[in-house]
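The sequence shown begins at 7 in the numbering used here and counts up by one.
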Amino acid sequence: MTRVTRSTPVSSETVHQAARDLFAAQGYRGTSMKDIAQVLGVSAPNLYNHVPSKQDLLFSIMDVAMDRALDALAAALTGVTDVAEQLRAAAAATVLDFLENPAEVTVCNTEIRSLVEPYRTTIIGKRDAYGARIRGIVERGCTEGRFHVADPRTASYLILEMGNSAKAWFRPAGTYTARQVADQYADYALRIVGTVT
């Protein structure tokens, strides 16, 4: 985690980055506003000039991450009409988001339980919308006879979990780029639904 020096101006963005990294590393409950302030080299009361509360900070991190993921998924699917290519694009976008934004993904995956209402409902709604988009592609492929799975919902969950799998072992300085890994996993997604590339 990067420690910000006093010469670095504190902004809402730097507060979010520090909180994101701490929440990912030690959890929401294991992180205090004092911890975030220490990373930024400021006093804890100074943070409240940038964020109303730790809960608002958690929600903001997750909300931005979910919006980014939904936007990336929509962009990946724009203009793609073939259902197999849609699944390939959606799986690649999912894995790529996990690999390029590991801290945000960790926070989103582990800290929903820490959100209070109405924040929790908002984030769960966005997460479910993402999953429904993947499931819709799988269901359409089955309806068209292009995919062959017993349960599209289960296949969709497996495809969504591919991002976590890749995130567990991927290293930016490793053999493959994030894009190469995403493309490989997209091919695996097609095999999961019974379509061989």
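Note that beta-carbon positions come from the ideal geometry of N, C-alpha and C, so glycine has one too.
Pull up the distance between the alpha-carbon of G151 and that of L164, whole angstroms please.
20 angstroms
Tell me the DSSP secondary structure of T203 in three-state form.
The predicted position of T203 is uncertain, since its pLDDT is 47 and thus under 50; a value taken from the coordinates is nonetheless stated next. Coil.
What does the alpha-carbon distance come out to for the pair R26 and T181?
27 angstroms
Less than 7 angstroms between C-beta atoms, sequence neighbours within five positions excluded: which residues of the same chain meet that for T11?
Because T11 sits at a pLDDT of 48, beneath the cut-off of 50, its placement in the model cannot be relied upon, and the following sentence gives the value as read from the coordinates. Contacts found: G47.
Candidates V16, E167, D41, D73, of which the one nearest R141 by Cα
E167
When the distance is taken between beta carbons, is A96 closer than 8 angstroms to L205?
With the chain represented from 7 up to 203, any question about residue 205 goes unanswered, as that position is not in the structure.
Count the other C-beta atoms from every protein chain shown that fall within 10 angstroms of the C-beta of P178, then say buried if there are 16 or more, exposed otherwise.
exposed
Distance, Cα to Cα, L76 vs G33?
24 angstroms
Residue closest to P58, alpha-carbon to alpha-carbon, out of D189, P108, V21, F29
V21
CB-CB under 8 angstroms to G137, same chain, minus the five flanking residues each way: which ones, in chain order?
S162, Y163, L166
Below 6 angstroms CB to CB, which residues in the same chain sit around A109 once its five sequence neighbours on both sides are set aside?
R26, D27, A30
Restricting to Cα atoms, I'd like to know which of D193, A24, N107, T87 is closest to L63.
A24
Sufficient close CB pairs (3 or more, under 8 angstroms) joining the region 190-197 to the region 87-94
yes
Give the range of the alpha helix (DSSP H) segment to which P158 is assigned.
158-175
Please determine, among S120, A71, G169, N115, the residue with the shortest C-alpha to C-alpha distance to G36.
S120
Under three-state DSSP, which class holds G47?
coil
In the DSSP assignment, find the unbroken alpha helix (DSSP H) run with Y182 in it and report its ends.
Premise fails: Y182 is in no alpha helix (DSSP H) and is neither H nor E.
With a 10 Å radius around its C-beta and 16 neighbouring C-beta atoms as the bar for buried, classify A135 as buried or exposed.
exposed
Expressed to the nearest angstrom, what Euclidean distance is found between the alpha-carbon atoms of T203 and H154?
Its pLDDT being 47, under 50, T203 is placed unreliably by the model, and the measurement read from it follows with that caveat. Using only the alpha carbons, I get a separation of about 14 angstroms.
According to DSSP, simplified to helix, strand and coil, what is T84?
coil
Where E123 falls, given that 16 or more other Cβ within 10 Å makes a residue buried:
exposed
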